[in-house]
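As structure tokens, the structure follows; a few thoughts come after it.
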Amino acid sequence: MKYIHCLLISALLCGCAAQPKEITTVNLDEIYEAVEELRNQAQASDEHEEKMISCVVNDMKVTALCRYLASEYGVSIVTQEGLDDQVVNITVENQPVEDVVAVFARRVGAQLTRVGEVYYIGNLRPEDKGVLVDRVTNRDVVTIENAIKTVLSEYGRCTVFPDGTVVVGDTVEVIRRVNEIIRTINKQHIATWYVQLIVITKQMKDERGYGISINDEINLTKLIADAASRNISVSLLAERYINAAIKMSANSEFITISQTPAVIVNGATVARIECSDNIPVPKKAVNNEGEIIATTEYQDVSAGMIAEIMVSSVVTGGHSLDVMIESSDVIGMNDEAPIVRRHKLDTTANMGNEQLYLIGVYYKNRTENGFTGGFSNYTSKTKEALAVEVWANVQQIR
Numbered sequence: 002m003k004y005i006h007c008l009l010i011s012a013l014l015c016g017c018a019a020q021p022k023e024i025t026t027v028n029l030d031e032i033y034e035a036v037e038e039l040r041n042q043a044q045a046s047d048e049h050e051e052k053m054i055s056c057v058v059n060d061m062k063v064t065a066l067c068r069y070l071a072s073e074y075g076v077s078i079v080t081q082e083g084l085d086d087q088v089v090n091i092t093v094e095n096q097p098v099e100d101v102v103a104v105f106a107r108r109v110g111a112q113l114t115r116v117g118e119v120y121y122i123g124n125l126r127p128e129d130k131g132v133l134v135d136r137v138t139n140r141d142v143v144t145i146e147n148a149i150k151t152v153l154s155e156y157g158r159c160t161v162f163p164d165g166t167v168v169v170g171d172t173v174e175v176i177r178r179v180n181e182i183i184r185t186i187n188k189q190h191i192a193t194w195y196v197q198l199i200v201i202t203k204q205m206k207d208e209r210g211y212g213i214s215i216n217d218e219i220n221l222t223k224l225i226a227d228a229a230s231r232n233i234s235v236s237l238l239a240e241r242y243i244n245a246a247i248k249m250s251a252n253s254e255f256i257t258i259s260q261t262p263a264v265i266v267n268g269a270t271v272a273r274i275e276c277s278d279n280i281p282v283p284k285k286a287v288n289n290e291g292e293i294i295a296t297t298e299y300q301d302v303s304a305g306m307i308a309e310i311m312v313s314s315v316v317t318g319g320h321s322l323d324v325m326i327e328s329s330d331v332i333g334m335n336d337e338a339p340i341v342r343r344h345k346l347d348t349t350a351n352m353g354n355e356q357l358y359l360i361g362v363y364y365k366n367r368t369e370n371g372f373t374g375g376f377s378n379y380t381s382k383t384k385e386a387l388a389v390e391v392w393a394n395v396q397q398i399r
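Take 2 as the starting number for the sequence shown in our numbering and just add one per residue.
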């Protein structure tokens, strides 16, 4: 008997031993897909349950039409005094209730609002406007406002908050249109791109001794044309060219990699990169005799590079890249004010994915400056011609 008790106790202890916990992994993508599917089903259900009207009305008074819609379709309509005796003609086939009532109101030259399940047709006061509150998650505030204002009536108002929340007050007909706009925008896919710019500055002199010919304008023009046609062999040539330029820039003053800015661009927004130095310029206080008596404050003058980048998809495939690059250099001082020289490149290029393109070339002079005379007059001593090449690589990451 004791032996049996021992076996039972051993079995219980073995069964109660701590078991290793299973590690549960959660796939967030599946959760997001399930939520999106439920949202689409809810929207489809709302559209399916919406009442539809089919009718043909000829020379019917407004009061008679309201009674007909109420008895046949359960639509409650109240009209403003003075509209009852107007005659309307309506022919509709399987259309939503709100669309039919909106056309009805327009036909009699009145406005439409809705209170609960009752429609009112007449001249509206500011307090009679309907209100819509929704949220747009994939556009900036200015874009949302511009889209909604295209359909607002003269009585409508729209406010968009930084988080994308939209509040619209207007007639029922306009509210319905705004709701359709918001639904359509939220369903759109917003692409995201990674953009890499490479700015190369080279001296305009014989470079064949370095083992690469990059100063031939004919070759540069041909390279741009071939890149525009997305020639794969030219794309490989461009990569070799950049690699050679990087190696040369490490050991030679002939060529330098000026800037290599990279940025993530979301949708049709504009990304901005600024790499510059602020030069403080003193502001002097002068007395009546023209003598400087004190420095009152400093004003910053920027010198460097500013790049603005926007990417969008094109119908034929690939990407449309809009680039604006402005470079500035301090080339001297006039009295105590810096002399700044600026250059600007503004271009649009259709590009393939993950391919390197030469999108523009501009030229500038690098000047070594001197000063003569007791008043430190600015003079130019020597000039050196420089070519600035702008290369770009765009990769869609979402």
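Even glycine gets a Cβ: it sits at the ideal position worked out from N, Cα and C. It should be emphasised that the depicted structure is a prediction, and the values quoted were computed from it without experimental measurement.
query: Between the beta-carbon of Ile145 and the beta-carbon of Val167, is there less than 8 Å?
result: Here residue 145 refers to the residue found at position 144 of the sequence shown. Here residue 167 refers to the residue found at position 166 of the sequence shown. Against a cut-off of 8 Å, the Cβ pair of Val167 and Ile145 comes out as a contact.
message: Let me make sure I understand the geometry here. Which of Lys248, Ala308 and Ala386 has the alpha-carbon closest to that of Lys345?
response: Here residue 345 is taken as the residue at index 344 of the sequence shown, counted from 1. Residue Ala308 is the option with its Cα nearest to Lys345.
- prompt: Based on the DSSP secondary-structure assignment, which residues constitute the bridge partners of Tyr120?
  reply: As a first step, residue 120 is located in the sequence shown; it is residue number 119 there, counting from the start. In DSSP, Tyr120 forms a bridge with Ile78 and Arg115.
- prompt: Tell me the DSSP bridge mates of Arg177?
  reply: Counting from one through the sequence shown, the residue named residue 177 turns up at place 176. The partner list for Arg177 (beta bridge, DSSP) is empty, contrary to what the question assumes.
query: Should Ile265 be labelled buried (16 or more other beta-carbon atoms within 10 Å of its own) or exposed?
result: If you number the sequence shown from 1, residue 265 lands on position 264. Flag for Ile265 reads exposed.
task: Would you tell me roughly how many angstroms separate the C-alpha atoms of Ser303 and Leu359, rounded to the nearest one?
output: Mapped onto the sequence shown, residue 303 falls at position 302. Mapped onto the sequence shown, residue 359 falls at position 358. Each residue's alpha carbon lies about 27 Å from the other.
- prompt: When we look at the beta-carbon of Met53 and count the other beta-carbons within 10 Å, is it buried (16 or more) or exposed?
  reply: Position 52 of the sequence shown, counting from 1, holds the residue named residue 53. Exposed.
- prompt: Does the beta-carbon of Ile191 have 16 or more other beta-carbons within 10 angstroms, so that it is buried, or is it exposed?
  reply: Position 190 of the sequence shown holds residue 191. Around the Cβ of Ile191, a 10 Å sphere holds fewer than 16 other Cβ atoms; the residue is exposed.
- prompt: Terminal residues of the continuous beta strand (DSSP E) containing Asn351?
  reply: Working through the sequence shown from its first residue, we reach residue 351 at position 350. Where Asn351 is concerned, the enclosing beta strand (DSSP E) starts and stops at Ala338 to Met352.
- request: Taking the CB atoms as reference points, tell me whether Leu66 and Ile122 lie closer together than 8 Å.
  value: Position 65 of the sequence shown, counting from 1, holds the residue named residue 66. Position 121 of the sequence shown, counting from 1, holds the residue named residue 122. Not closer than 8 Å, so no.
query: Residues bridged to Lys52 by DSSP?
result: Taking the first residue of the sequence shown as 1, we reach residue 52 at position 51. None; Lys52 has no bridge partner.
message: Taking its Cβ as the centre, do 16 or more other Cβ atoms sit within 10 Å of Ser234, making it buried, or is it exposed?
response: On the sequence shown, residue 234 is found 233 positions in, with the first residue counted as 1. Because Ser234 sits at a pLDDT of 46, beneath the cut-off of 50, its placement in the model cannot be relied upon, and the point is left open.
task: Along the beta strand (DSSP E) that carries Thr160, what are the first and last residues, could you check?
output: What you label residue 160 is simply residue 159 of the sequence shown in a count that begins at 1. First-last of the beta strand (DSSP E) with Thr160: Arg158 to Val161.
message: Give me the residue from Asp164, Val102 and Gln81 with the minimum Cα distance to Ile91.
response: As a working mapping, residue 91 is identified with position 90 in the sequence shown. Out of Asp164, Val102 and Gln81, Val102 has the C-alpha closest to the C-alpha of Ile91.
field: Residues of its chain near Ala71, where Cβ-Cβ distance is below 8 Å and the 5 sequence neighbours each way are ignored
entry: Residue 71 sits at position 70 when you count from the first residue of the sequence shown. Here the set comprises Ser77 and Ile78.
- prompt: Is Ala246 helix, strand or coil by DSSP?
  reply: Your numbering for residue 246 matches position 245 in the sequence shown. For Ala246, the three-state secondary structure derived from DSSP is helix.
message: Going by DSSP in three states, Ile219 sits in which element: helix, strand or coil?
response: Mapped onto the sequence shown, residue 219 falls at position 218. Residue placement at Ile219 is poorly supported in this model, since its pLDDT is 45, which falls under 50; the coordinates still yield a value, given next. Here Ile219 sits in helix by DSSP.
message: In whole angstroms, give me the CA-to-CA distance for Pro163 and His320.
response: By one-based count along the sequence shown, residue 163 stands at place 162. By one-based count along the sequence shown, residue 320 stands at place 319. Their Cα atoms are separated by approximately 28 Å.
message: Buried or exposed, going by whether 16 or more other CB atoms sit within 10 Å of the CB of Gln112?
response: By one-based count along the sequence shown, residue 112 stands at place 111. Its Cβ being crowded by 16 or more others within 10 Å, Gln112 is buried.
task: Please report how far the alpha carbon of Thr349 lies from the alpha carbon of Gln300, in whole angstroms.
output: As a working mapping, residue 349 is identified with position 348 in the sequence shown. As a working mapping, residue 300 is identified with position 299 in the sequence shown. Straight-line Cα distance between these residues: approximately 34 Å.
- request: Answer yes or no: does any C-beta atom of chain D fall closer than 8 Å to that of Ala388?
  value: Protein chains in the displayed structure number just one, and chain D is not present.
field: Where Arg401 sits in the DSSP three-state scheme
entry: Because the chain in this structure spans residues 2 to 399, residue 401 falls outside the shown range and cannot be described.
- request: Name, in chain order, the residues that DSSP records as bridge partners for Ala304.
  value: Translated into positions along the sequence shown, residue 304 becomes position 303. Looking at the DSSP output, Ala304 sits in a beta bridge with Asp278.
message: Let me check understanding here. Comparing Cα to Cα, which of Arg108, Tyr195 and Arg136 lies closest to Gly268?
response: Counted from its first residue, the sequence shown places residue 268 at position 267. The candidate whose alpha carbon is nearest that of Gly268 is Tyr195.
task: Rounded to whole angstroms, what's the CA-CA distance from Asp347 to Asn139? Just pull it up for me.
output: Position 346 of the sequence shown holds residue 347. Position 138 of the sequence shown holds residue 139. Using only the alpha carbons, I get a separation of about 27 Å.
- prompt: Where Pro283 and Glu298 are concerned, what is the direct C-alpha to C-alpha distance, given to the nearest angstrom?
  reply: As a first step, residue 283 is located in the sequence shown; it is residue number 282 there, counting from the start. As a first step, residue 298 is located in the sequence shown; it is residue number 297 there, counting from the start. Near 6 Å, if we compare the C-alpha coordinates of Glu298 and Pro283.
Rounded separation between Asn351 and Leu322 - CA only: Translated into positions along the sequence shown, residue 351 becomes position 350. Translated into positions along the sequence shown, residue 322 becomes position 321. Computed Cα separation, rounded: 6 Å.
task: Can you tell me which of the three DSSP states Lys130 falls into?
output: Residue 130 sits at position 129 when you count from the first residue of the sequence shown. Reduced to three states, the DSSP call for Lys130 is coil.
field: Asn394 to Ala106 span [Cα, whole Å]
entry: For this step, residue 394 is matched to residue 393 along the sequence shown. For this step, residue 106 is matched to residue 105 along the sequence shown. Their backbone Cα atoms lie some 55 Å apart in a straight line.
task: Would you mind stating whether Ile201 and Glu390 have Cβ atoms separated by less than 8 Å?
output: Taking the first residue of the sequence shown as position 1, residue 201 is located at position 200. Taking the first residue of the sequence shown as position 1, residue 390 is located at position 389. The answer is yes: Cβ separation under 8 Å.
- prompt: Based on Cα-Cα distance, which residue from Val142, Gly131 and Tyr69 lies nearest to Glu174?
  reply: In the sequence shown, residue 174 corresponds to position 173, counting from 1. Here the closest residue by C-alpha is Gly131.
query: Thinking C-beta only, is Val169 closer than 8 Å to Val142?
result: On the sequence shown, residue 142 is found 141 positions in, with the first residue counted as 1. On the sequence shown, residue 169 is found 168 positions in, with the first residue counted as 1. Their beta carbons are not under 8 Å apart, which means Val142 does not touch Val169 by this criterion.
message: My output table needs one value for Val63: the three-state DSSP class, helix, strand or coil.
response: Translated into positions along the sequence shown, residue 63 becomes position 62. It is helical.
message: Taking only three categories from DSSP, how would you classify Arg108?
response: Reading the sequence shown from its first residue, position 107 is the one you call residue 108. Arg108: helix per DSSP, three-state reduction.
query: Which same chain residues, not among the five before or five after Val341, have their C-beta less than 8 Å away from its C-beta?
result: Along the sequence shown, read from residue 1 onward, the residue named residue 341 stands at position 340. Once the five neighbours on either side are set aside, the close Cβ partners of Val341 are Val302, Ala304, Ser329, Asp330, Val331 and Ile332.
message: Excluding the 5 residues flanking Val109 on each side, which residues of the same chain have their C-beta closer than 6 Å to its C-beta?
response: Your numbering for residue 109 matches position 108 in the sequence shown. The answer, listed in chain order, is Leu84 and Gln87.
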